[in-house]
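Notes follow the structure.
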Amino acid sequence: MVPTCTCGRTFKHSQDVSVDLSINQVYKAKRKAREFILGDARLQYRKLRDYAKMIKVTDVGNDIGMPDELNLVFISNRQKGLIPAMELLFPTVEHRFCVEHIYNNFKLNFKGLELKVALWRCAVATTVKEFEKRMKDLKDLDKEAWEYLANIQPTQWTKSHFTPRAISECYVNNFSESFNSMILEPKDRPIIAMLEWIRVRLMTRMYSKRIGIENFTSDICPNIMQKLEQLKLDCKSFSVVPSGCFIYEVDNEYERHVVNLTRKCCSCRVWDLTGIPCKHGVAAIYKNLETPEDYVHSCNRKDVYVAVYKEMITPLPSQNEWIETNQPAHVALIVYKPLGRSPMKRKKDVDEPNNPYKVSRSNRPIKCGFCHKEGHNSRGCKAGITGDNMQGKDKDKGKGKGRGKGKGKVFGK
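In my numbering, the protein residues as written are 1 to 413.
The structure is reproduced here in C-alpha cells:
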C-alpha cells in the first residue's frame, strides 16, 4: 500500500477538477516547486560565507606542505590564462598539456587519420630517440603539421620528456573530465545545494574506497596487480643476458634495452614513469630469481592507498546550527539564459567514437504515437485531417494526453 501523505500542503478534493493553465503559469509553478525543494538561489548566496565558515570549522584537514616541496604535476588544456598563472604561482612544478586538447586544435587545420595517428605516436613515445624518429615521420607527411607541434615544448605533451617526479605517465585530462561528467546533475541547482551534492558524493566515494580496499588481500593495488599479470605474459619473448651486478641486457628480434635492478629503471623509461616494472624489467627480475611484486613502487601499494583515503569528509549539521559570520552577504549573479531547455551533455566532435554500451537511435524507424504508423511522429500526424485510422487516438482518450500548445487541462479525482 502507498502511504498517505499527512503534509498540510496536500491538496485534497472529492470531485473532478478542470483547470485551464497557460504555458507561463506552468513554468512559474515549476520554478516555485524547484525553490521549495532546492531553496531560493538569492537566499543561498547570502548564506555562502556562513557555509564556508562551517566547512572550515568541521573539516580542519591536514597541511600538505609547500608546493615547491611536493612532486606535483598539473595537467591543463592550454588555456591562455592558465599558462602565465602556473608560471607565476608554481614556477618549479611540472606543467603538462592535455594531448586530447592539443589534437582538437591540431585537427582544425590538419585533418586525416594518418596525421592523427602520427601525433599520438609522438605523444606516447617514451624515449627521446623514439620521439625524434616519430617527429621526423610526421615531417615527411606534412611539414606544416610538424611545425605546429614543434612550437610546443616537448616537456609538456610527450612521455619522452616527462620527469619521473610524480610517478605518472598521464598525458590527458581525463580526471577532470570525469569529475565534470559526474556533476552534470547538480550544476543547475542553487549554489549551496550544488556544493552540498558534491560534498555528499565525495564523502560517500571516499568511504566506499576506504572500505573496498580493506577486503583486498594483496599488498599491491588491484589495477596495478592486473597490469603486472599482463606484463608477466609479455616478457616471455625476451632473452636476458647478465652484464654486471643486477644489470641485464634484454632483447628480442624487435628491440633491446638495458635494465638496472638496483636503480629500478630501464632504458625504455616506462619503469621510471609508472613505478611498475616494464616487460623488460620483469624478464630481468625473473632471470635474477626474484618476483616482480617486490620491485613495484611504494605509491602503488595497498598501505599507501589506505593512507590516501584514511582522511574523511566530516558531515555537516543542519543549516539552523551554522555559525553566523555577520559579514557582507554575496549578491547573486544575474544569469541570462537563452530560451528553451539548457543542454546537459557536451557536444561531441565529428570523429569522436560513440558509447559502445549505448544503443543508437539514428537508424531506428520513427513511429507515430497516435496512428501507430511509421514514417512520422505524433506532432506531424495528419490522421485527424485526412480521416485515416483513428484507432490510436481512441485508445488514448481519457488518459490525460493532449496536443495543444499554450493551454491544457488537468483532470483528477
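Just so you know, even glycine gets a beta-carbon here, dropped at the ideal spot from N, CA and C.
For the set Val241, Ile183, Asn326 and Met203, the Cα lying nearest the Cα of arginine 49 is the one of Asn326. DSSP places valine 26 in no beta strand (DSSP E) but in the uninterrupted alpha helix (DSSP H) bounded by 23-38. Taking every protein chain shown into account, the CB of tyrosine 103 has 16 or more other CB atoms within 10 angstroms, so this residue is buried. By the C-beta density criterion, alanine 123 is buried, having at least 16 other C-beta atoms within 10 angstroms.
Glycine 39 is not a Cβ neighbour of isoleucine 285, given a cutoff of 9 Å.
If the five residues before and after glutamate 374 are omitted, its C-beta is found closer than 6 Å to the C-beta atoms of Pro365 and Lys367, all from its own chain and listed in chain order. The beta carbon of glutamine 44 is closer than 6 Å to those of Pro190, Ile191 and Ile192 in its chain, skipping five residues each way along the sequence. DSSP places isoleucine 198 in no beta strand (DSSP E) but in the uninterrupted alpha helix (DSSP H) bounded by 191-214. The beta carbon of glutamate 100 is closer than 6 Å to those of Val172 in its chain, skipping five residues each way along the sequence. CA-to-CA, the gap between asparagine 151 and leucine 273 works out to about 24 Å. With a 10 Å radius around the Cβ and a threshold of 16 neighbouring Cβ atoms, glutamine 79 comes out exposed. Runs of the alpha helix (DSSP H) lying entirely within the segment 42-94, each at least 4 residues long, are 48-58 and 82-89 in chain order.
In the structure shown, the three-state DSSP call for phenylalanine 97 is strand. Taking C-alpha positions only, glutamine 153 is separated from arginine 46 by approximately 45 Å.
Around the beta-carbon of proline 343, fewer than 16 other beta-carbon atoms lie within 10 Å, marking it exposed. Between the segment 277-292 and the segment 250-260 there are three or more inter-stretch CB-CB distances shorter than 8 Å, so the stretches are counted as touching. DSSP lists Asp251 as the bridge partner or partners of serine 239. The Cβ-Cβ distance between phenylalanine 131 and threonine 155 does not fall below 9 Å. Ranked by Cα distance from cysteine 265, the first of Ser378, Ala41 and Thr126 is Thr126. Excluding sequence positions up to five before and after arginine 256, its CB lies within less than 8 Å of the CB of Glu249 and Val250, all in the same chain and listed in chain order. Under the Cβ criterion (8 Å, minimum of three pairs), the segment 298-313 counts as touching the segment 191-211.
Look at the beta carbons and you see the segment 176-185 not touching the segment 134-153: under three pairs across the two are nearer than 8 Å.
Contact annotation: methionine 66 and phenylalanine 74 have beta-carbon atoms that are not nearer than 9 Å. Contiguous alpha helix (DSSP H) elements confined to the segment 120-188 occur at 128-141, 143-150 and 174-182, taking only those with 4 or more residues. Around the Cβ of glycine 275, a 10 Å sphere holds 16 or more other Cβ atoms; the residue is buried. Rounded to whole angstroms, the separation of the alpha carbons of alanine 166 and histidine 95 is 11 Å.
For asparagine 223, the enclosing alpha helix (DSSP H) covers residues 222-234. By the Cβ neighbour-count rule, isoleucine 334 is exposed, with fewer than 16 other Cβ atoms within 10 Å of its own. By the beta-carbon neighbour count (other beta carbons within 10 angstroms, threshold 16), serine 178 is exposed.
Bounds of any alpha helix (DSSP H) do not take in valine 258; it lies within the beta strand (DSSP E) bounded by 256-260.
Within the DSSP secondary-structure output, cysteine 266 pairs in a beta bridge with Val259. Scanning the segment 260-319 from its first residue to its last, the whole alpha helix (DSSP H) runs of 4-plus residues come out as 270-274, 279-287 and 302-308. Taking the CA atoms as reference points, proline 186 sits about 12 Å from valine 200. Judged by their CB atoms, isoleucine 313 and leucine 202 are nearer to each other than the 9 Å cut-off. Nearest C-alpha to proline 222 among Glu290, Asp303 and Leu89: Asp303.
Contact check for tyrosine 51 against leucine 195 passes: the beta carbons are separated by less than 9 Å.
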